[in-house]
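Visitor: Attaching a single structure in structure tokens format; questions to follow.
Protein chains: 2
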Amino acid sequence: MSPEEKKRTEEIIIGVAEKVFIRDGFSGTRMQTIADEAGLNKALLHYYYRSKQKLFYAVLKRLAPKLFAPVLGVLYEELPFFEKIEKFVHRYIDEISQKNPNLPLFVISEMEKNADDIIPILVRAIDSREISPIEIFRRDMEREIKAGNLREMDHKQLFVSILSMAIFPFVGRPLIMQLARFQNHEYDLFIQERKKFIVEFVINSIKIQKTGVE
Amino acid sequence: MSPEEKKRTEEIIIGVAEKVFIRDGFSGTRMQTIADEAGLNKALLHYYYRSKQKLFYAVLKRLAPKLFAPVLGVLYEELPFFEKIEKFVHRYIDEISQKNPNLPLFVISEMEKNADDIIPILVRAIDSREISPIEIFRRDMEREIKAGNLREMDHKQLFVSILSMAIFPFVGRPLIMQLARFQNHEYDLFIQERKKFIVEFVINSIKIQKTGVE
DNA sequence: GTCTATAATGTGATAGAC
DNA sequence: GTCTATCACATTATAGAC
Numbered sequence: 457m458s459p460e461e462k463k464r465t466e467e468i469i470i471g472v473a474e475k476v477f478i479r480d481g482f483s484g485t486r487m488q489t490i491a492d493e494a495g496l497n498k499a500l501l502h503y504y505y506r507s508k509q510k511l512f513y514a515v516l517k518r519l520a521p522k523l524f525a526p527v528l529g530v531l532y533e534e535l536p537f538f539e540k541i542e543k544f545v546h547r548y549i550d551e552i553s554q555k556n557p558n559l560p561l562f563v564i565s566e567m568e569k570n571a572d573d574i575i576p577i578l579v580r581a582i583d584s585r586e587i588s589p590i591e592i593f594r595r596d597m598e599r600e601i602k603a604g605n606l607r608e609m610d611h612k613q614l615f616v617s618i619l620s621m622a623i624f625p626f627v628g629r630p631l632i633m634q635l636a637r638f639q640n641h642e643y644d645l646f647i648q649e650r651k652k653f654i655v656e657f658v659i660n661s662i663k664i665q666k667t668g669v670e
Numbered sequence: 457m458s459p460e461e462k463k464r465t466e467e468i469i470i471g472v473a474e475k476v477f478i479r480d481g482f483s484g485t486r487m488q489t490i491a492d493e494a495g496l497n498k499a500l501l502h503y504y505y506r507s508k509q510k511l512f513y514a515v516l517k518r519l520a521p522k523l524f525a526p527v528l529g530v531l532y533e534e535l536p537f538f539e540k541i542e543k544f545v546h547r548y549i550d551e552i553s554q555k556n557p558n559l560p561l562f563v564i565s566e567m568e569k570n571a572d573d574i575i576p577i578l579v580r581a582i583d584s585r586e587i588s589p590i591e592i593f594r595r596d597m598e599r600e601i602k603a604g605n606l607r608e609m610d611h612k613q614l615f616v617s618i619l620s621m622a623i624f625p626f627v628g629r630p631l632i633m634q635l636a637r638f639q640n641h642e643y644d645l646f647i648q649e650r651k652k653f654i655v656e657f658v659i660n661s662i663k664i665q666k667t668g669v670e
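Chains R and D, in that order, are what the protein sequence lines are.
In case it helps, our numbering puts the first sequence at residues 457 to 670.
In case it helps, our numbering puts the second sequence at residues 457 to 670.
Following this line, the structure appears as structure tokens:
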């Protein structure tokens with residue numbers, strides 16, 4: 457078989473594995489399931505990736521850059537602070553909606569269960585730059601506070617709040633749907649409208665309104 | 457053996473099972489693990505609960521009332537709206553901090569993976585009252601908007617925002633710790649300070665400031 | 001490289017002695 | 001009720017033919 461077809465099989469496997477791992481979690485995933493959905497046999501999975509663990513780590517390594525870079529990248533752009541928040545929220549929700557709404561829950565679950573092995577793999581993707589995202593965020597805030605545009609507040613609390621409001625609707629979907637009485641078809645629209653809501657909600661809370669009078 | 461000791465064994469098993477299931481998830485849990493941590497043997501688990509599935513559901517049923525009632529109950533109290541939000545946030549964070557910080561992620565993960573079986577068990581705990589929590593919340597908001605204390609906004613968006621800010625720090629702990637560069641010992645303090653932050657953050661965003669002049 | 005067959009191990013569940 | 005021993009089956013992993 458040609459090298460191209462070899463490459464192709466390897467890619468098919470890891471692509472299907474990604475889908476199944478994200479859907480079922482590590483311990484919930486069966487090698488047989490991956491083989492079936494890929495239209496191949498189990499032995500090939502081991503031929504290319506040796507073990508379930510190694511296949512899983514291969515999936516994670518491939519996933520990591522796609523996971524954080526597009527979103528965290530926004531923080532490094534040269535933008536006015538409030539516009540940066542807006543772009544960050546929109547980018548995050550758009551990315552996850554299109555790519556895979558189950559991604560955040562998958563990443564969090566596996567980080568929790570197997571922290572020592574998984575976090576190092578993911579961290580390389582987060583910490584690819586010299587200055588950390590949270591430090592960039594802190595400096596932005598400091599500048600705006602000095603300029604009198606922003607209330608003083610803890611930068612980590614604000615950062616986590618924005619993150620929470622954007623991510624949790626994906627992670628907590630089944631819980632939210634029950635508590636807030638959503639029908640299945642309503643939820644996607646809710647998420648789309650949420651982009652605008654979050655930005656308004658946040659800016660309204662943190663911005664210092666400049667009045668005409670002194 | 458006396459009926460009391462019988463009762464005691466049964467209770468030990470379900471107590472340990474709760475701990476292990478919450479920690480490892482359903483598919484990650486081994487009956488052997490539960491037996492070991494309970495200081496008993498596997499056969500006893502089956503003697504009392506027949507199967508892993510049935511033990512899991514027994515755990516869920518026992519857990520459900522403790523899970524939602526204390527927090528959602530706040531929504532039904534006769535309180536000014538802003539005080540209700542404050543009490544809700546404090547109650548939620550205090551409850552989870554004391555009880556088990558892994559509870560939210562556990563509930564969400566299992567709801568996601570096995571919706572049809574699990575949601576009915578949990579819903580009984582959520583929907584124990586005639587009027588749903590979200591409907592109570594909506595009416596409270598409507599009243600405040602008419603009174604001129606509150607900006608007009610979608611009640612579900614606000615509800616989910618408050619929920620997100622309170623729950624996500626527990627669910628997304630490993631992710632947040634990486635992104636915001638927390639040390640282990642800092643995080644508990646961060647969560648405690650978060651109660652006050654969320655309340656201020658929310659009220660500052662939604663409240664209509666009444667000025668002296670007209 | 002890909003397959004079938006099978007080994008090796010893990011895991012839920014049960015039988016039967018005490 | 002509680003234990004040890006064991007079954008039955010699922011699942012990861014490998015051997016070997018093509």
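Beta carbons: idealized from backbone N, C-alpha and C, even for Gly.
Quick caveat: nothing in here was measured; it's all calculated off a predicted structure.
1) Could you check if LEU619(D) belongs to the surroundings of the ligand COA, using beta carbon to heavy atom distance under 7 Å?
2) Just to confirm, are VAL476(D) and THR465(D) a CB contact at a threshold of 8 Å?
3) Going by C-alpha to C-alpha distance, which of LYS508(D), ASP550(D), LEU519(D) and VAL515(D) sits closest to LEU645(D)?
4) Starting from the C-beta of GLU542(D), find all residues in its chain whose C-beta is less than 7 Å away, skip the five residues before and the five after it, and write them out in chain order.
5) Taking a cut of 8 Å between CB atoms, which residues from the region 636 to 648 of chain D lie near chain R?
6) Look at the alpha carbon of ARG506(D) and the alpha carbon of VAL515(D), and state the distance between them as a whole number of angstroms.
7) In the DSSP assignment, what are the bridge partners of LEU606(D)?
8) Answer with yes or no whether the minimum CB distance from MET487(R) to chain D is below 8 Å.
9) Does the Cβ-Cβ distance between LEU523(R) and ALA473(R) come in under 8 Å?
10) With respect to the alpha helix (DSSP H) encompassing SER565(D), which residues constitute its N-terminal and C-terminal limits?
11) For PHE615(D), collect the residues of the same chain with a Cβ closer than 7 Å to its Cβ; drop the 5 residues on either side in sequence, then sort them by chain order.
12) Would you verify that the beta carbon of MET597(R) is, or is not, closer than 8 Å to some beta carbon of chain D?
13) According to DSSP, is GLY628(D) helix, strand or coil?
14) Less than 8 Å separating the beta-carbons of SER661(D) and ASN605(R)?
15) Around the Cβ of ILE665(D), are there at least 16 other Cβ atoms within 10 angstroms (buried) or fewer (exposed)?
16) Given this structure, state the Cα-to-Cα distance separating LYS508(R) from ILE469(R), to the nearest angstrom.
17) Looking at LEU631(D) and MET567(R), is the spacing between their C-beta atoms short of 8 Å?
18) What separation, rounded to the nearest whole angstrom, lies between the Cα atoms of ARG585(R) and ASP572(D)?
Guide: With the structure as the only source:
1) This structure simply doesn't include the ligand COA, nor any ligand for that matter.
2) Between VAL476(D) and THR465(D), the C-beta gap is not smaller than 8 Å, which leaves the two residues out of contact.
3) Closest option to LEU645(D), Cα to Cα, is ASP550(D).
4) Shown here for GLU542(D): same chain residues with a beta carbon closer than 7 Å to its own, the five before and five after excluded, namely VAL655 in chain order.
5) With the criterion set as a beta carbon lying under 8 Å from some beta carbon of chain R, the members of the region 636 to 648 of chain D are ALA636, ARG637, PHE638 and PHE646, in sequence order.
6) In this structure, the alpha-carbon of ARG506(D) lies about 13 Å from that of VAL515(D).
7) LYS663(D), per the DSSP bridge assignment.
8) MET487(R) does not count as touching chain D.
9) Contact flag unset, no.
10) The continuous alpha helix (DSSP H) containing SER565(D) extends over residues 559 to 569.
11) Excluding sequence neighbours, PHE615(D) sits near ILE590 and PHE593.
12) Chain D, which has no Cβ nearer than 8 Å to the Cβ of MET597(R), makes this no.
13) Three-state DSSP puts GLY628(D) in coil, outside helix and strand.
14) At a Cβ-Cβ threshold of 8 Å, SER661(D) and ASN605(R) do not count as neighbours.
15) A small fix is needed here, since residue 665(D) is Gln in this sequence, not Ile. Under this definition GLN665(D) is an exposed residue.
16) About 12 Å.
17) Yes, the pair counts as a contact, with Cβ atoms nearer than the cut-off.
18) Approximately 44 Å between the Cα atoms of the pair.
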